[in-house]
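Residue numbers (the numbering used here), protein chains in the order written: chain A, 1 to 241; chain B, 1001 to 1305.
All C-beta atoms in this analysis are idealised placements derived from N, C-alpha and C, irrespective of residue type, glycine included.
To start, the structure under review is shown below, and the notes come after it.
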């Protein structure tokens, strides 16, 4: 789905969107019943570098500073983080963390941060955008990943065919929507014909208060023990006093 | 200065195991491990790759005292699968950070030593890193100082680099490296002319602790000693920046100004030259004492994190 098709399906009554450089988007829409929805995004599979991250975090912090209570929709179609020596030299890790922190601050101060993954997102860019929202939904043809199988094969020194066969039996490492849905990364997959209705229904409910993705991942079988282990640590810490 | 009861031999941070770091950072005898080896926190995923797991899944977590003050500590074992985040490894850290927020613990010492996501468990590792970030924010909002320590052989790469920059403060040694994409990954994807991962000097100038500290990508630089990390953590904890809009606005300004000032630079030497910092010798070759005598860039001292 292209960005324009997506926006039309989400907001049949229209929305206002401006590109902001480095693949970023900024806009807003008025939804009947919901009211104003703020929108930021990254489009067209643009790798997320320092510039893009700072543009997006700037929008988020401006909304927090303005005490906005409107929900914030984060549209995501990126690649991985921008891979370049210059990016690392200038502290890409700080820029990506800053974006993730800004989105977390927005949620902490009362904004409903809703991610919508409609294209790709990989590795550090996936973490700093889509995974930094309170709730992430995806279109059926979205393609999230951590690393592609040929790269995993190279690093793990396993044959690609071996990995492809293994990927059929476990969601733990394979790229794609279904494996990441199973781990709890993605709350819901929205059918393209129902986007406006799903958006309205989602924003009508309160945002998830705490991070429950590990419980979701365990319930779906994508993660075996993460939720239990975290809970056991908390119990041991409580007992320690 | 050595911590009480510690001999110099065991005080080298780089050579120490995760458990030695966790114990050595704290007051002697005060460390209580959570989910120790008896809990058999063994990855359920490695066997299908014919890999042998570890009963701690490569991370030691627990509680103890830092100069009498109750703190939590987590230390990744860089020698087990590169300290990478697998499902259980990550979940242990997530649980510790959630507990720190719940009990409003004064500080968490986070001894990062990681290549990032463990690719055999890539999806669970990615999720764990994302959950760690959120748990760090919740802990900081609860008033917990989360202090990243980076001085192990695996550095803080991939999501580990992002985690480091989400902490209240970052302490590095000269062995510490912080980055998102590793030099090998950039070389593989973009070619050797973009980043020659065999050029060790270049790699250290871009990712190394000395460069990070000069530019403000790390907040304190220490010698390769567990006791030095401990002393620096003690100094940083009372001054940890709060997690507020003001801190993040300051960080936005700080990173934007860095980009405006040095955005065309592709090597740390270009940054130093533009900043008027003229090291008497290549920075990597300076003794610890001579390095300590260098002025950091003016913007390196900040609460913008």
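Neighbouring residues, chain A, relative to residue i (Cβ below 7 Å)
i              : result
residue 1044/B : 224, 225
residue 1251/B : 98
residue 1194/B : 84, 85
CB contact check: residue i to chain A, cutoff 7 Å
i              : result
residue 1025/B : no
residue 1092/B : yes
residue 1168/B : no
residue 1189/B : yes
residue 1015/B : no
residue 1080/B : no
residue 1132/B : no
residue 1063/B : yes
Within chain B, partners of residue i - CB distance below 7 Å
i             : result
residue 236/A : 1034, 1035
Contact with chain B by residue i, beta-carbon distance below 7 Å
i             : result
residue 47/A  : no
residue 83/A  : yes
residue 69/A  : no
residue 76/A  : no
residue 54/A  : yes
residue 8/A   : no
residue 44/A  : no
residue 20/A  : no
residue 230/A : yes
Outcome for residue i when other beta-carbon atoms lying within 10 angstroms are tallied against a minimum of 16
i              : result
residue 159/A  : exposed
residue 1055/B : exposed
residue 210/A  : exposed
residue 101/A  : buried
residue 1278/B : exposed
residue 1040/B : exposed
residue 1003/B : Its pLDDT being 49, under 50, residue 1003/B is placed unreliably in this model, and the value from its coordinates should be taken loosely. With 16 or more Cβ atoms within 10 Å of its Cβ, residue 1003/B is classed as buried.
residue 16/A   : exposed
residue 77/A   : buried
residue 234/A  : buried
residue 51/A   : buried
residue 1301/B : exposed
residue 214/A  : buried
residue 1192/B : exposed
residue 1051/B : exposed
For residue i, the nearest candidate out of the options (CA to CA)
i              : options                 : result
residue 1036/B : 1051/B, 1012/B, 1061/B  : 1061/B
residue 128/A  : 196/A, 44/A, 48/A, 59/A : 48/A
residue 1294/B : 1284/B, 1224/B, 1139/B  : 1284/B
residue 174/A  : 222/A, 115/A, 28/A      : 222/A
residue 75/A   : 45/A, 63/A, 87/A        : 45/A
residue 237/A  : 1108/B, 1067/B, 1058/B  : 1108/B
residue 1260/B : 90/A, 232/A, 1/A        : 90/A
residue 1288/B : 1175/B, 1078/B, 1147/B  : 1175/B
residue 1292/B : 1075/B, 1144/B, 1211/B  : 1211/B
Under 8 Å from the C-beta of residue i: neighbouring residues of chain A
i              : result
residue 1103/B : 237, 238
Under 8 Å by beta carbon: chain B residues contacting residue i
i             : result
residue 147/A : 1117, 1119, 1122
residue 126/A : 1126
Beta-carbon neighbours of residue i, restricted to chain A and to distances below 9 Å
i              : result
residue 1127/B : 131, 180, 183, 184, 185, 213, 214, 217, 222, 223, 226
Chain-ordered neighbours of residue i on chain B, where CB pairs are closer than 9 Å
i             : result
residue 51/A  : 1259, 1263
residue 58/A  : 1252, 1256
residue 112/A : The contacting residues do not exist; residue 112/A stays about 15 Å from chain B at best.
Worksheet item: Between the segment 54 to 67 of chain A and the segment 79 to 93 of chain A, do at least 3 Cβ pairs fall closer than 8 Å?
Response: no
Worksheet entry | Touching by the beta-carbon criterion (3+ pairs, under 8 Å), the segment 1216 to 1227 of chain B and the segment 1040 to 1050 of chain B | no
Worksheet entry | Validate contact between the segment 1151 to 1166 of chain B and the segment 1126 to 1141 of chain B using beta carbons, cut 8 Å, 3 pairs | yes
Worksheet item: Touching or not, the segment 1166 to 1182 of chain B and the segment 1221 to 1234 of chain B, by the rule of three or more beta carbon pairs under 8 Å?
Response: yes
Worksheet item: Should the segment 185 to 203 of chain A be called in touch with the segment 160 to 173 of chain A, which here means at least 3 C-beta pairs below 8 Å?
Response: no
Discussion item. For the pair the segment 142 to 154 of chain A and the segment 166 to 186 of chain A, tell me if three or more CB-CB distances fall below 8 Å.
Written reply: yes
Discussion item. Quick test of the definition: if touching needs 3 or more C-beta pairs under 8 Å, does the segment 1086 to 1106 of chain B touch the segment 1131 to 1151 of chain B?
Written reply: yes
Worksheet item: Touch check for the segment 38 to 47 of chain A and the segment 17 to 30 of chain A: three-plus C-beta pairs under 8 Å?
Response: yes
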